[in-house]
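**Q** Just passing along the structure, written as structure tokens.
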């Protein structure tokens with residue numbers, strides 16, 4: 001290090017010369033020495049050049065030429081490694097450069113902006129540094145009109161520092177849309193491109209920005225029309241892709257209809273083109289991910305994409321050929337693509353998941369694509385968390401198919417790797433994986449048995465205790481599916497696994513979804529007579545307490561109806577009936593709901609009554625007498641006059 005730094009020391013020493021002219025020449029020589037030379041950049045940073053350059057840059061007494069050359073050298077140092085950028089940040093370079101933007105000299109401003117741009121596009125720079133002082137954004141907006149360089153650099157800074165809704169709102173409120181829109185028709189390609197990138201990050205998942213963009217026009221042309229022109233095949237690929245992203249965000253936000261020709265005839269085909277194996281890896285990844293987002297919730301777009309350019313088959317190449325056809329001769333490129341091949345797999349899984357979200361025929365086509373199930377199973381155990389998540393999403397999408405649950409899912413024992421994924425995965429994976437498990441536990445799915453044997457009950461019971469709402473819902477939902485038409489042993493295992501305390505916890509959950517699924521579970525547990533009698537003999541007291549609790553609480557109609565249906569199931573038991581007949585409080589509640597204003601609740605209450613009074617069952621006479629004394633017959637007379645045919649019949 002000493003030898004190397006010795007040869008660089010004279011550059012730093014000259015920065016301290018008393019003759020300003022020699023200092024300027026020293027900075028210019030330093031600029032020429034570091035261009036493209038990472039070793040030299042590192043040496044000068046180690047030797048302490050940065051604080052001195054920043055000092056000279058901020059000195060009022062420095063000539064504008066000297067200050068500009070300092071900004072250029074600092075920009076060159078920032079072009080090196082991430083460690084260089086960290087060193088510059090540690091010396092508080094950003095406040096110094098932002099201060100420099102207040103200068104009247106345009107060349108100096110451009111040099112400061114170029115350096116800021118280089119620092120902000122580095123992954124080690126926190127975006128929030130741009131937003132610490134509220135006046136910075138408005139000053140940058142004002143500088144947009146100064147030159148094509150200020151336009152290019154400022155747009156690039158905005159597009160790199162706009163991460164999430166808070167940043168979008170700040171930029172939007174400072175007039176980003178109005179200030180940047182006219183740059184889309186600039187004579188400079190770089191300015192047009194950076195302005196377009198700005199809009200793609202401003203509009204992403206942001207309805208407010210998207211709704212505004214639809215109505216903005218530049219030179220009498222609306223923005224969506226300008227974006228469509230930028231999608232055309234003769235435009236550079238990055239421009240096609242970025243404008244497709246803008247239109248996609250606007251479509252997903254509801255600003256453009258999904259059946260609008262600019263989506264169906266322009267955006268969707270453009271994104272499918274990006275998935276071709278002639279495109280570079282980054283383009284294929286971005287194309288597939290954007291297309292997955294565009295079609296995610298619209299079945300017509302899913303159908304259209306699935307029959308465009310053999311997309312389903314084309315995606316299979318994402319697993320086989322990481323490099324594009326054109327890159328085969330480029331060794332460096334091949335090496336890069338092999339390292340990033342997992343990004344392609346992730347993108348393919350995401351797009352398959354969107355394609356198969358609704359349509360049975362598309363799912364069938366996806367599963368029939370060569371080795372598809374094996375690829376998903378492999379994806380579930382990849383080291384990259386993003387690939388695992390995308391593979392689980394894809395599996396979840398395909399698991400919505402009854403046909404596939406019975407065939408391909410069974411042939412490939414998909415449940416095994418899925419159960420493995422469910423062991424200590426991060427929450428975002430757990431949510432999708434547990435949703436998939438819910439589908440694999442439906443009563444017609446052959447995977448149900450082996451999943452049970454592999455300890456699923458314990459796992460699902462633990463999910464119901466999660467802080468995460470989606471996991472609680474999925475845990476209880478899967479147990480509900482598991483209990484449907486299950487044998488008594490499974491039902492007992494579920495009750496034992498859940499514990500009475502946890503059941504009450506779930507029944508008093510603030511989320512109505514959790515409550516409904518828990519009631520669904522209870523209803524499935526309490527079906528078929530021997531099971532009803534068995535469960536009520538061990539857990540009767542607690543279950544009756546729970547039912548009372550809910551019928552007395554402030555709950556919606558669906559919740560109360562489900563609860564009355566549980567009572568009707570209990571009333572169908574042989575010995576379990578007595579738990580209702582000896583509970584006057586519950587009988588009064590059934591009577592109350594028979595006269596309720598909502599017909600669904602009246603019907604459910606009458607189910608309870610009819611299950612208590614079957615003539616051929618032992619003790620029916622005593623039960624009928626008791627109900628008659630309570631005035632139930634009078635209510636039935638009244639209901640037989642009802643205008644609702646269902647109530648009348650019952």
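In UniProt numbering, the protein residues as written are 1 to 650.
Idealized CB from N, CA, C, for every residue including glycine.
1. Do residue 347 and residue 406 have their C-beta atoms within less than 8 Å of each other?
2. DSSP three-state call for residue 217: helix, strand or coil?
3. Measuring straight from C-alpha to C-alpha, what distance separates residue 377 and residue 426?
4. Using a Cβ distance threshold of 8 Å, determine whether the region 47 to 55 contacts the region 14 to 27, with at least three qualifying pairs required.
5. Measuring only the C-alpha atoms, how far is residue 489 from residue 288?
6. Tell me the rounded alpha-carbon separation between residue 371 and residue 275.
7. Quick check for students: name the residue ranges of the beta strand (DSSP E) that lie wholly in the region 314 to 362, counting only runs of 3 or more.
8. Alpha carbon to alpha carbon, how far is residue 546 from residue 631? Give it in angstroms, no decimals.
9. Quick check: the region 77 to 85 against the region 103 to 110, are at least 3 beta-carbon pairs closer than 8 Å?
10. Distance, Cα to Cα, residue 641 vs residue 493?
11. Looking at residue 58: is its Cβ nearer than 8 Å to the Cβ of residue 96?
12. By the DSSP assignment, the alpha helix (DSSP H) with residue 185 in it spans what residues?
13. If you count every other CB in all the chains shown that lies within 10 Å of the CB of residue 126, and 16 or more means buried, which is it?
14. For residue 167, verify whether its CB is less than 7 Å away from any heavy atom of the ligand GTP.
15. Note down the Cα distance separating residue 120 from residue 157, rounded to an integer number of angstroms.
16. Once DSSP output is grouped into helix, strand and coil, what is the label at residue 612?
17. Compare the C-alpha of residue 482 against each of 358, 315, 458 and 412 and name the closest.
18. For the alpha helix (DSSP H) that contains residue 150, what are its first and last residues?
19. With distances taken from CA atoms, which of 170, 217, 599 and 606 is nearest residue 140?
20. Roughly how many angstroms separate the alpha carbons of residue 635 and residue 594, rounded to a whole number?
21. By the 10 Å Cβ neighbour count, where 16 or more other Cβ atoms means buried, how is residue 417 classified, buried or exposed?
22. Looking at the structure shown, is residue 222 part of a helix, part of a strand, or coil, going by DSSP?
23. Quick check: the Cα distance between residue 533 and residue 590, rounded to an integer number of angstroms?
24. Less than 7 Å between C-beta atoms, sequence neighbours within five positions excluded: which residues of the same chain meet that for residue 8?
25. I need the boundaries of the alpha helix (DSSP H) containing residue 537, first residue and last residue.
26. Could you check which residue in 241, 423 and 356 has the C-alpha nearest to that of residue 400?
27. Does residue 174 come out as helix, strand or coil in the three-state DSSP assignment?
28. Extract the residue ranges of the alpha helix (DSSP H) inside the region 31 to 99, only unbroken runs of 4 or more that lie entirely within it.
29. Hey, quick one: how far does the alpha helix (DSSP H) through residue 417 stretch, first residue to last?
30. In three-state DSSP terms, what is residue 371?
31. Residue 592 lies in the alpha helix (DSSP H); which residues open and close that run?
32. For residue 17, count neighbouring C-beta atoms within 10 Å of its own C-beta (all shown protein chains included) and say buried if the count is 16 or more, exposed if not.
33. If you check the beta carbons only, do residue 472 and residue 479 fall under 8 Å apart?
34. Measure the C-alpha to C-alpha separation of residue 333 and residue 501 and round it to an integer number of angstroms.
35. If contact is defined by three or more beta carbon pairs under 8 Å, each pair taking one atom from either stretch, is the region 389 to 400 in contact with the region 350 to 369?
36. Return the CA-CA distance between residue 559 and residue 403, expressed in angstroms with no decimal places.
**A** Per the coordinate set shown:
1. no
2. strand
3. 18 Å
4. yes
5. 47 Å
6. 19 Å
7. none
8. 26 Å
9. no
10. 46 Å
11. yes
12. Neither: residue 185 is in no alpha helix (DSSP H) and is coded neither H nor E.
13. exposed
14. Among the components modelled here there is no ligand, and therefore nothing to report on the ligand GTP.
15. 6 Å
16. helix
17. 458
18. 148 to 161
19. 170
20. 7 Å
21. buried
22. strand
23. 21 Å
24. 40, 43, 44 and 47
25. 529 to 552
26. 356
27. coil
28. 38 to 46, 49 to 58, 64 to 78 and 82 to 90
29. 415 to 422
30. coil
31. 584 to 594
32. exposed
33. no
34. 59 Å
35. yes
36. 32 Å
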